Amino acid sequence: MMIIDTVRPLARRVRNRLSSHKLSPVARQVMDEGLTYLSPAKLQRMEQALDSVAGVAGDFAEFGVALGGSAILIAGRASGRQFHGLDVFGMIPEPTSDKDDQKSRSRYQDIKSGSSRGIDGQQYYGYRDKLYEEVRSSFARYSVPVGQNGVHLHKGLFEETWPDVPCEALAFVHLDCDWYDPVAYCLKEVSAKLSPGGVIMIDDYHDYGGCRTAVEEFLAAHPDFDFEDGPNPVLRRQL
Ligand SMILES: C[S@@+](CC[C@H](N)C(=O)[O-])C[C@H]1O[C@@H](n2cnc3c(N)ncnc32)[C@H](O)[C@@H]1O
1 MMIIDTVRPL ARRVRNRLSS HKLSPVARQV MDEGLTYLSP AKLQRMEQAL
51 DSVAGVAGDF AEFGVALGGS AILIAGRASG RQFHGLDVFG MIPEPTSDKD
101 DQKSRSRYQD IKSGSSRGID GQQYYGYRDK LYEEVRSSFA RYSVPVGQNG
151 VHLHKGLFEE TWPDVPCEAL AFVHLDCDWY DPVAYCLKEV SAKLSPGGVI
201 MIDDYHDYGG CRTAVEEFLA AHPDFDFEDG PNPVLRRQL
């Protein structure tokens with residue numbers, strides 16, 4: 001067990017290093033520091049999607065910040081715009097929809113039981129007492145301090161914090177919140193504010209059935225969005 005605990009993080013670092021040559025220095029660093037669950041391929045697609053909205057009006061947002069890795073990357077690209085990061089910064093809420101799959105329910109039970117392990121053998125982020133403070137200090141270390149230059153974090157359930165977030169228009173949104181209900185809620189809310197040409201990137205489409213169902217229902221009802229598949233698919237509002 002001890003050997004596996006040492007070898008696994010090392011193997012992850014080697015694997016990431018081998019496939020990270022196309023990433024920006026910030027993306028590489030948040031990955032090396034274990035601040036994100038996103039793979040190098042997902043981070044690369046995120047950087048390309050951010051480049052693609054350079055001429056699109058609106059703010060950037062992430063729903064599902066956890067340790068802050070992907071949020072730091074997005075906030076660092078938001079100059080001249082606002083960045084809003086939303087999360088409970090604590091235990092992930094339970095998947096409660098009957099549209100969530102067994103994999104989601106098992107994952108949640110694992111987390112709830114206290115046996116979930118963090119990145120590279122760290123403590124799982126959802127068990128940390130001062131997660132919000134840790135994330136704020138990571139943002140400061142990466143020169144995107146919270147509360148300055150349009151960088152904001154909103155602590156609480158999306159359904160409770162988002163209605164008070166001052167945001168007129170959105171250009172890029174990262175949805176990384178796993179289960180059916182939060183993904184469906186966020187799609188409904190952010191699509192109403194997404195500018196033409198704007199992007200919603202979905203982290204868990206290929207990972208959890210509830211997320212996939214929420215996206216498929218959304219696309220069926222919104223023919224003005226194009227679906228660009230990949231490890232983390234993009235929903236792009238047509239011009
Ligand atoms: C997979 S993690 C995000 C990972 C992160 N983007 C990264 O770079 O590794 C999902 C996060 O979404 C949060 N979350 C899920 N549902 C939520 C809800 N309804 N309201 C607020 N936060 C929620 C969880 O607490 C968790 O921190």
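Take the sequence shown: its position 186, counting from 1, is numbered 186 in the UniProt record's numbering, and each next residue is one higher. A virtual CB, placed ideally from N, CA and C, is assigned to each residue, including glycine. The model shown is predicted, which means the values in this text are computed figures rather than measured ones.
Is any beta-carbon of chain C found at less than 7 Å from that of residue i?
i, result
"V146", "Protein chains in the displayed structure number just one, and chain C is not present."
Considering just the uninterrupted stretch of the alpha helix (DSSP H) at residue i, what are its terminal residues?
i, result
"K112", "102-112"
"E217", "209-221"
"D32", "25-32"
"A75", "69-76"
Span of the beta strand (DSSP E) holding residue i?
i, result
"E62", "59-63"
"K42", "First-last for K42: 40-52, but that is the alpha helix (DSSP H), not the beta strand (DSSP E)."
"R236", "234-237"
"G85", "83-87"
"D226", "225-228"
Under the assumption that residue i contacts residue j (Cβ atoms under 8 Å), give the Cβ distance between them as a whole number of angstroms.
i, j, result
"F218", "L187", "5 Å"
"S52", "V199", "7 Å"
"F63", "F172", "That pair is no contact at about 12 Å."
"Y180", "K99", "4 Å"
"D229", "R237", "Not confirmed; about 17 Å, so no contact."
Relative to the alpha-carbon of residue i, which residue among the options has its alpha-carbon at the smallest distance?
i, options, result
"I72", "R128, E168, V144, K42", "V144"
"A57", "D229, P25, G69, K193", "K193"
"Q122", "T36, D203, R107", "T36"
"G210", "H174, L239, T96", "T96"
"D203", "Y124, V215, G197", "V215"
"R128", "K155, L67, R77", "L67"
"V65", "A54, Q102, Y132", "Y132"
"G90", "I200, Y208, K112", "K112"
"Y208", "E159, S115, P182, Y125", "P182"
"S70", "P223, G126, Q29, P196", "Q29"
"A221", "D87, G230, L235, D229", "L235"
"L157", "F139, P93, G34", "P93"
"A184", "P163, S39, E159", "E159"
"T213", "M31, D178, H21, V88", "D178"
"P196", "G55, P163, G76", "G55"
"L38", "A140, H206, G114", "H206"
"V135", "P163, A75, H21", "A75"
"D87", "G126, L50, S116", "G126"
"P166", "H154, S115, K130", "H154"
Using a threshold of 6 Å, is the CB atom of residue i nearer than that to any non-hydrogen atom of ligand 2?
i, result
"T213", "No copy of ligand 2 occurs in the structure displayed; its ligands are ligand 1 alone."
So, does the segment 139-151 touch the segment 78-88, judging by three or more C-beta pairs under 8 Å? As far as the Cβ criterion goes, the segment 139-151 touches the segment 78-88, which means the pair count is three or higher.
List, from N- to C-terminal side, the alpha helix (DSSP H) runs of 4 residues or more that fit wholly inside the segment 112-195. Counting only runs of 4 or more, we get 131-141, 158-161, 180-191.
Does the segment 99-114 come close enough to the segment 43-54 that 3 or more CB-CB pairs lie under 8 Å? Under the 8 Å Cβ criterion, the segment 43-54 does not count as touching the segment 99-114, having fewer than three qualifying pairs.
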